[in-house]
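K.L.:
The letter at position 114 of the sequence shown is residue 124 when you use my numbering, and the numbering goes up by one with no holes. Virtual Cβ for every residue (Gly too), placed ideally from N, Cα, C. Sharing a structure here in structure tokens format.
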Amino acid sequence: LYVGFENQKAASVTKIKFSSSSQALKYLLSKSSNANFIGRSSDDVLSQSEIAATHLSAKATFYQIAALSKSGLLGEAKNYGFCAVSDAEKNKCHVNFNMHGIRSVDMRLKRMSQDEKTFEDVINTTLNVSNNDQFLFKNLPVGHYQWNLSYVIDGGVDVHKSGDFDLIAISA
Numbered sequence: 011l012y013v014g015f016e017n018q019k020a021a022s023v024t025k026i027k028f029s030s031s032s033q034a035l036k037y038l039l040s041k042s043s044n045a046n047f048i049g050r051s052s053d054d055v056l057s058q059s060e061i062a063a064t065h066l067s068a069k070a071t072f073y074q075i076a077a078l079s080k081s082g083l084l085g086e087a088k089n090y091g092f093c094a095v096s097d098a099e100k101n102k103c104h105v106n107f108n109m110h111g112i113r114s115v116d117m118r119l120k121r122m123s124q125d126e127k128t129f130e131d132v133i134n135t136t137l138n139v140s141n142n143d144q145f146l147f148k149n150l151p152v153g154h155y156q157w158n159l160s161y162v163i164d165g166g167v168d169v170h171k172s173g174d175f176d177l178i179a180i181s182a
């Protein structure tokens, strides 16, 4: 679980810390520019439960982290989106979804309510994304989100994908 952050002397680097497990030997980390982790930019194995995030901006960078035990068991992966904000942005981030190769998609994005008892729809609609394969939500408030995508690929095969993430803003 996310613990906190520490801005480093180099202005473009932020150390992000996660809780560690005494059972963990290493941590597996994936990085992506989009919430649905299509076209991940990197996969790493870490010896500590912290990362050095570089060049954070208003557009969230996504990280998936999971602990690997000494016996080889992989813990549950947790997804986070981190963005850098100024006081004027008031803890809001831009969140991208990669829709490469999709023409039309049923998309649902839900945010955990303030009382943490229910999810509230941010969007629940069919989108035509044939002209642009990226879908960017602007100014989403920090919080816990769930998403679902349903679409048809060539050959008439139905595809359903879902996930969740915690959106976290870090003071720039």
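#1: Which whole-angstrom value describes the C-beta separation of Lys120 and Phe129, a residue pair presumed to lie in contact below a C-beta threshold of 8 Å?
#2: With a threshold of 16 other CB atoms inside 10 Å of the CB of Asn89, please say whether the residue is buried or exposed.
#3: What residues in its chain sit with their C-beta under 7 Å from that of Asp54, if we drop five residues either side in the sequence?
#4: Can you look up Asp174 in the DSSP assignment and give me helix, strand or coil?
#5: For Pro151, which option in Lys80, Asp116, Phe175 has the closest C-alpha, if you only look at C-alpha atoms?
#6: Looking only at C-alpha atoms, which of Ile48, Asn44, Leu35 sits nearest to Ser57?
#7: For the beta strand (DSSP E) that Ile61 lies in, which residues bound it at each end?
#8: Please classify Asp116: does DSSP put it in a helix, a strand, or coil?
#9: Could you compute how far the alpha carbon of Ser29 sits from the alpha carbon of Val132?
#10: Please list the terminal residues of the continuous beta strand (DSSP E) segment that includes Glu130.
#11: Tell me, which residues are paired with His110 by DSSP?
#12: Taking the Cβ atom as the reference point for each residue, do Met109 and Asn158 lie within a distance shorter than 9 Å?
#13: What residues match up with Phe92 in a beta bridge as DSSP calls it?
#14: Identify every residue that forms a DSSP beta bridge with Asn158.
#15: Measure the Cβ-Cβ separation of Ser59 and Ile48 and say whether it is below 9 Å.
P.N.:
For this structure:
#1: Right, the Cβ-Cβ distance comes to about 4 Å (below 8 Å), so this counts as a contact.
#2: buried
#3: Annotation for Asp54: Leu39 place their beta carbon closer than 7 Å to its own, counting only its chain and skipping 5 residues before and after.
#4: Strand at Asp174.
#5: Checking every option, the nearest Cα to that of Pro151 belongs to Phe175.
#6: Leu35
#7: 60-64
#8: strand
#9: If you take the alpha carbons of Ser29 and Val132, they lie about 29 Å apart.
#10: 129-138
#11: Answer by DSSP bridge pairing: none, since His110 is not bridged.
#12: Inclusion of Met109 and Asn158 in the CB contact set at 9 Å is not warranted, their separation being larger than that value.
#13: Thr71, Ile178
#14: Arg118, Ser172
#15: No.
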